[in-house]
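J.:
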Amino acid sequence: MTGERLIALFERKYGSRVLAELLRQKGARVAPLAHQLEASRVAIRATLADLAARGWVEPNPGHGHPLRPEWILTAAGRPIARQCAALDELLDDHGWRSLAASKWPLPVLHTIGRRGARFSEITTRLPRLTDRALSLSLQDLAAADL
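Heads up, the sequence shown is in our numbering, so the first residue is 7 and it goes up one at a time.
See the structure below:
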């Protein structure tokens, strides 16, 4: 997965988990997703809108009520969702779920893991990352022994 795609997934708190759940359930509506992920419906709707704008999910055509559509993965979203499901399992198996709750720890880990980097190199590779966000992300990763 590219760094930009990883950043896009964690742009919203539930992006990765929504994709993983849509893969597992083969489609879902907002309310059940919100309940499953212990999130607000507003957060799930915003996440689905963002994922739809990226071309990874779409309302299931001809299925459900227009105001309460079932969401499904697109052909472009399926391979990403498979990676999200694997990531989800890894995070749960190792107790690292909290790392996915923030926007930057996993993109930072991905950047460092590819080839170790100095502080300034990380911010160069992740241009929207602030120094404060990087410091907090590194602290989170260190606390998780990563």
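Quick reminder that beta carbons are idealized off the backbone N, C-alpha and C, glycines included.
In this text, all values refer to a predicted model and were calculated from it rather than measured experimentally.
How big is the Cα-Cα spacing for L135 and I13?
T.: 10 angstroms
J.: Report all residues from its chain with a CB closer than 6 angstroms to the CB of A139; omit the five preceding and five following residues, and keep chain order.
T.: If we look at A139 and ignore the five residues flanking it on each side, its Cβ neighbours are W110.
J.: Please determine, among K32, R121, R23, R30, the residue with the shortest C-alpha to C-alpha distance to A40.
T.: R23
J.: Is the beta carbon of W77 closer than 8 angstroms to that of L28?
T.: yes
J.: Which value, in whole angstroms, describes the spacing of the CA atoms of A87 and D151?
T.: 26 angstroms
J.: In chain order, what residues of the same chain have a beta carbon less than 6 angstroms from the beta carbon of P75, not counting five sequence neighbours either side?
T.: If we look at P75 and ignore the five residues flanking it on each side, its Cβ neighbours are P65.
J.: With DSSP as the reference, please indicate the residues paired to A37 in a beta bridge.
T.: DSSP, once it has assigned bridges, lists no residue as partnering A37.
J.: Spatial neighbours of I128 within its chain, please: C-beta separation below 8 angstroms, excluding the five flanking residues on both sides.
T.: V114, T117, I118, L135, L140
J.: So, is F16 buried or exposed, given that buried needs 16 or more other C-beta atoms within 10 angstroms?
T.: Buried is the call here.
J.: One question on the structure: do G61 and A91 come within less than 8 angstroms of each other, judged by their Cβ atoms?
T.: no
J.: Does the distance from the CB of R103 to the CB of D56 come in under 8 angstroms?
T.: no
J.: Helix or strand or just coil, what does DSSP make of R88?
T.: helix
J.: Which ranges would you report for the alpha helix (DSSP H) in the segment 46-85 if only whole runs of at least 4 residues count?
T.: Counting only runs that start and end inside the segment 46-85, the alpha helix (DSSP H) elements of at least 4 residues fall at 47-59.
J.: Would you mind stating whether A34 and R47 have Cβ atoms separated by less than 8 angstroms?
T.: No, Cβ-Cβ distance for A34 and R47 is not below 8 angstroms.
J.: Note the first and the last residue of the continuous alpha helix (DSSP H) segment covering T130.
T.: From DSSP, the alpha helix (DSSP H) with T130 extends over 125-131.
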